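Please read the structure below before turning to the comments.
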Amino acid sequence: MPELPEVETIRRGLAEAVRGRRIVGIRMTPAGERLLRGVPTEAFLARVRGRRIDDIRRRGKYLLFALDDGATFVAHLRMTGRFEVEPGDAPDGPFFRAALQLDDGRELRWRDARRFGTWAICDEPAALDARLGPEPLDEDFTIDRLAGALAGRRAPIKAVLLDQRRVAGLGNIYVDEALHLARIHPRRSAGTLTRDEVARLHAAIRIALDKGIANFGTTFRSFVNAFGGEGRNREHLLVYGRRGEPCASCGTPIARIVVGGRGTHLCPTCQPFDGEGDADAGR
DNA sequence: CGTTACCTGAAA
DNA sequence: TTTCAGGTAACG
Numbered sequence: 157m158p159e160l161p162e163v164e165t166i167r168r169g170l171a172e173a174v175r176g177r178r179i180v181g182i183r184m185t186p187a188g189e190r191l192l193r194g195v196p197t198e199a200f201l202a203r204v205r206g207r208r209i210d211d212i213r214r215r216g217k218y219l220l221f222a223l224d225d226g227a228t229f230v231a232h233l234r235m236t237g238r239f240e241v242e243p244g245d246a247p248d249g250p251f252f253r254a255a256l257q258l259d260d261g262r263e264l265r266w267r268d269a270r271r272f273g274t275w276a277i278c279d280e281p282a283a284l285d286a287r288l289g290p291e292p293l294d295e296d297f298t299i300d301r302l303a304g305a306l307a308g309r310r311a312p313i314k315a316v317l318l319d320q321r322r323v324a325g326l327g328n329i330y331v332d333e334a335l336h337l338a339r340i341h342p343r344r345s346a347g348t349l350t351r352d353e354v355a356r357l358h359a360a361i362r363i364a365l366d367k368g369i370a371n372f373g374t375t376f377r378s379f380v381n382a383f384g385g386e387g388r389n390r391e392h393l394l395v396y397g398r399r400g401e402p403c404a405s406c407g408t409p410i411a412r413i414v415v416g417g418r419g420t421h422l423c424p425t426c427q428p429f430d431g432e433g434d435a436d437a438g439r
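Count along the first sequence from 1, then add 156; that gives the number in our numbering.
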């Protein structure tokens, strides 16, 4: 479900709703235990009970709750995880797995149909940097930095952009959108991009992500913000989920192919496969 | 490097 | 009934 813009949207909502609150307890369902990946609920509770949430940050697609003892509660929503802040007496609703109880009677509730999401306590959140590439919206994400991440890679550009160690926060939707904006075919071998193409891609990544944030995220299935509201970026997408619809630039029907095992949307006219080999719009 | 597994619901 | 799903880690 969530890529950088969706996680950022949730982060902003959570910052508004729960910053400064203390965690007074936890509710964990049997299906929710998997969240902790083997850490006993009691051990997790011992780390968070009584702690004040001083800040909510984001790194890539991770949500980081800075606690008042210096520890960090790290959550990843994977495909279908949701965080919503609700009154403690509201119904749990579908896919409810766990909740952190707050000192004002509300709860930070976790719902996750597919149960891929994870919760952890981390004493050294900087360790995430070893596994994650640069933040694409930060100053230090330069054209050179992107060029370095792509250099020598033979994998399709789309696969490289989805690799969180190269650039953090991009997922299937925004990669397709960025490649379309940059007029680059998703199957182009990453290392073959010209300097001009890398520069276009660099700008396109930021445009696609900024737009997603400005529209409060893209809701295709399960994404909702911290208050249960849907994002409105879906109607602004240029290619993702628009198979068969005319390209806004040239009118050619948007194609859907598979790249790196992922459904991939592109305009075969605006994004010709001219980098190597022969044109291949279909497939 | 590509493929599979992890789960389960929703859509085709 | 079958296919697909916005993510990632673990395979071979």
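Just so it is clear, CB atoms sit at the ideal spot from N, CA and C, and this is done for glycine as well. All values reported here derive from a predicted model rather than from experimental measurement.
Query raised in the report: Should the stretch 182-196 be regarded as contacting the stretch 381-397, the criterion being three or more beta carbon pairs within less than 8 Å?
Result: With the cut-off at 8 Å, the stretch 182-196 and the stretch 381-397 do not touch.
Query - Residue burial classification, A370 (beta-carbon count within 10 angstroms, cutoff 16) - result: Counting the other CB atoms within 10 Å of its CB gives A370 a total below 16, which places it among the exposed residues.
Query raised in the report: Between the stretch 303-316 and the stretch 406-414, are three or more C-beta pairs nearer than 8 Å?
Result: no
Query raised in the report: Can you tell me the Cα-Cα spacing of T274 and C406, whole angstroms?
Result: 42 Å
Query raised in the report: Can the beta-carbon of E219 be found closer than 9 Å to that of V163?
Result: Per the sequence shown, residue 219 should be read as Leu rather than Glu. The answer is yes: Cβ separation under 9 Å.
Requested in this report: Tell me whether E401 sits in a helix, a strand or coil according to DSSP, three-state version.
Outcome: coil
Requested in this report: Could you have a look at T197 and say whether DSSP puts it in helix, strand or coil?
Outcome: helix
Query raised in the report: If you drop the 5 nearest sequence neighbours on each side, which residues of the same chain put their C-beta closer than 8 Å to that of T197?
Result: Contacts found: I182, M184 and E189.
Query raised in the report: If you drop the 5 nearest sequence neighbours on each side, which residues of the same chain put their C-beta closer than 8 Å to that of C426?
Result: H336, R339, C403, S405, C406 and T408
Query raised in the report: Hey, quick one: how far does the alpha helix (DSSP H) through A254 stretch, first residue to last?
Result: Not the alpha helix (DSSP H): A254 falls in the beta strand (DSSP E), residues F252 to L258.
Query raised in the report: Is the number of C-beta pairs between the stretch 219-236 and the stretch 265-282 that are closer than 8 Å three or more?
Result: yes
Query raised in the report: Helix, strand or coil: how does DSSP classify V380 here?
Result: coil
Query raised in the report: With H358 and P428 assumed to form a contact (beta carbons below 8 Å), what rounded beta-carbon distance in angstroms separates them?
Result: At roughly 20 Å, the Cβ-Cβ gap does not stay under 8 Å, so H358 and P428 are not in contact.
Report task. Taking R267 as part of the beta strand (DSSP E), name the residues at either end of that continuous run. Result -> R262 to D268
Query raised in the report: Count the other CB atoms within 10 Å of the CB of F383; is the residue buried (16 or more) or exposed (fewer)?
Result: Exposed: under 16 other Cβ atoms inside 10 Å.
Requested in this report: State the DSSP-derived secondary structure class of R190, mapped to helix, strand or coil.
Outcome: helix
Requested in this report: Identify every residue that forms a DSSP beta bridge with C278.
Outcome: T228
Query raised in the report: Which residue comes first and which comes last in the alpha helix (DSSP H) that contains T165?
Result: Start and end: L160 to V174.
**Report entry** contact_flag[the stretch 370-380, the stretch 158-172] where n(CB pairs < 8 Å) is 3 or more
**Finding:** yes
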